[in-house]
Amino acid sequence: MLKRLFVCTCTSARSRTAAPREAEAIGRLHPWVGEMAAYSFGWCEAGGAPATTAAGGKGLRPALAVLGAEAAGAPSGAGVTAAVAVELVHTFSLLYDDIMDGDPTRRGRPTVWKAYGTGPAVLAGDALFALAVETLASAPGAQVPSAVRHLSTGLNDLVRGQADDLLFEPRPWTGPEAVRPDEYRAMAERKTGALLGCAAALGAVLAGAPPATITALDRAGRHLGVAFQVIDDLLGIWGDPAVTGKPVHADLRRRKKTFPVLAALGTPAAARPLARLLDSAETVETLDEATARRAATLIEEAGGRTAALAEAHRHIAVVDSCLDSLPSAPHTADDLRALLSFLARREM
Numbered sequence: 049m050l051k052r053l054f055v056c057t058c059t060s061a062r063s064r065t066a067a068p069r070e071a072e073a074i075g076r077l078h079p080w081v082g083e084m085a086a087y088s089f090g091w092c093e094a095g096g097a098p099a100t101t102a103a104g105g106k107g108l109r110p111a112l113a114v115l116g117a118e119a120a121g122a123p124s125g126a127g128v129t130a131a132v133a134v135e136l137v138h139t140f141s142l143l144y145d146d147i148m149d150g151d152p153t154r155r156g157r158p159t160v161w162k163a164y165g166t167g168p169a170v171l172a173g174d175a176l177f178a179l180a181v182e183t184l185a186s187a188p189g190a191q192v193p194s195a196v197r198h199l200s201t202g203l204n205d206l207v208r209g210q211a212d213d214l215l216f217e218p219r220p221w222t223g224p225e226a227v228r229p230d231e232y233r234a235m236a237e238r239k240t241g242a243l244l245g246c247a248a249a250l251g252a253v254l255a256g257a258p259p260a261t262i263t264a265l266d267r268a269g270r271h272l273g274v275a276f277q278v279i280d281d282l283l284g285i286w287g288d289p290a291v292t293g294k295p296v297h298a299d300l301r302r303r304k305k306t307f308p309v310l311a312a313l314g315t316p317a318a319a320r321p322l323a324r325l326l327d328s329a330e331t332v333e334t335l336d337e338a339t340a341r342r343a344a345t346l347i348e349e350a351g352g353r354t355a356a357l358a359e360a361h362r363h364i365a366v367v368d369s370c371l372d373s374l375p376s377a378p379h380t381a382d383d384l385r386a387l388l389s390f391l392a393r394r395e396m
C-alpha cells in the first residue's frame, strides 16, 4: 500500500510536468545520441526498438520539483521547468556513476556504457547535461540567472560528493585513516542530497520565492538525500534483489564504505570480529559471497543496521521540520510527506 501511494504521488506529479518536455528535449538531439538518452530513461531498447518492459526510475526528483514549487506558491510553469532540468541532470549523473563504478546493470538491464560502449555513453551524458542547462536558461522570467547558479551549485556539490565517495574506497577499515561517520554524512549530503535539494528548491528560485522558503526547501532536500543514501546502503546489504535490482550484498562485495559498516566499526568491542574479517580480506578486490554473508551478519550483530535506521530517521525528522516552516497548501504538504513516508520505510 505504501509503495503504491509513493508511486501514485510521483506519477501524478510527473504526469503534470516532466515526461512530455523531457521527450521533446531529447528529440532535439543527434538521433544516435538521442537513442542512448532515451535508453537511459527506459523508453527504448538498445538499438532504438520500443521498450518491452518498464525500466524507468521512480520520478522522485521531478515530483520533488513540482511539489516544492507548489509549496512555495510558484506557478506551475516554474515547477515543470525545474522538474525537466533536474531529471535530465539526474539521468546524466547516473550514467556517469555507472561508468565510474563499473556497474554492468541498472534496473534489470545493461547500463548505457555496457550497451553502447564507454565513449558513446560519455557523449550521451554530456548531451543530457547540456539539455538540462539549456532547459533552465530558456525559461522565461528575471530569475533565470539565479536558477542556473542554483543548479550549478548543486552540481558542484554532487561532483565533490562523488569524488569523496571514490576516495573512500582505498582507505583502510580501521585506524586513524579510516572513514569517519561525519565524513560519510558530508559525502552523502553532496553526492545525493545536493540534487534533491536542488530539485525541491529550483522551481521556487525560478518563481522568485523568498530566500527563507528556498533555503528551507533546499535544506529539506539535502537531509532527505542523506536519509536516502543511508537507506540505499541498507538495501545494498540486506535488500531483496527483486526489489532493488542489485545482487544481494552487492555493496559489501565491492567493499564500499557504507554507513552500516562504518557504524558497526565504531563500536570497538562488538566490531572486532568484523574488523578482523575485513582486514583479512584487504588484498581482495571483491569479497566472495560467503565472506560477504558473514560480514553482513557481523555488521548486524555490532549494531550497524540499527544505527543506520536511526540515522535515516533522524534526517527524515529534520526534513519534516523544514516542511513545517513552509507556507504550503495542505494537499502539497500531504504529498511531500507521502514521499517521505515511503523513503523512511522502503527498507522494510
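So the sequence shown is numbered by the numbering used here: it starts at 49 and just counts up by one.
Yeah, the Cβ is synthetic: ideal placement off N, Cα and C, and Gly gets one too.
It should be emphasised that the depicted structure is a prediction, and the values quoted were computed from it without experimental measurement.
Nearest C-alpha to E337 among L265, W80, R302, A195: R302. Relative to the Cα of S194, the nearest Cα in the group A130, E72, L326 belongs to A130.
Of the residues Y87, A312, P168, the one whose Cα lies closest to the Cα of A226 is A312. Three or more Cβ pairs closer than 8 Å define a contact, and the stretch 210-230 falls short of that threshold against the stretch 163-182.
Counting only residues of its own chain and dropping the five nearest sequence neighbours on each side, L374 has a CB closer than 8 Å to the CB of A119, A120, T261, A264, L265, A381. By alpha-carbon distance to R270, the top candidate from G284, I285, D281, L243 is L243. The criterion of a C-beta distance shorter than 9 Å is satisfied by G116 and L250. Following the DSSP letters along the chain, one finds S88 inside the alpha helix (DSSP H) bounded by residues 79-89.
Annotation: P79 to A85 spans about 10 Å, alpha carbon to alpha carbon. Going by C-alpha positions, H363 is about 6 Å away from L272.
Counting only the Cα atoms, Y144 lies some 7 Å from V170.
Fully contained in the stretch 261-323 are the following alpha helix (DSSP H) runs of length 4 or more, in chain order: 289-292, 298-301, 307-313.
Taking C-beta atoms under 8 Å as the contact rule, Q277 and A236 qualify, at a distance of about 4 Å. The DSSP-derived three-state label of T153 is strand.
Counting the other Cβ atoms within 10 Å of the Cβ of D281 gives 16 or more, which makes it buried.
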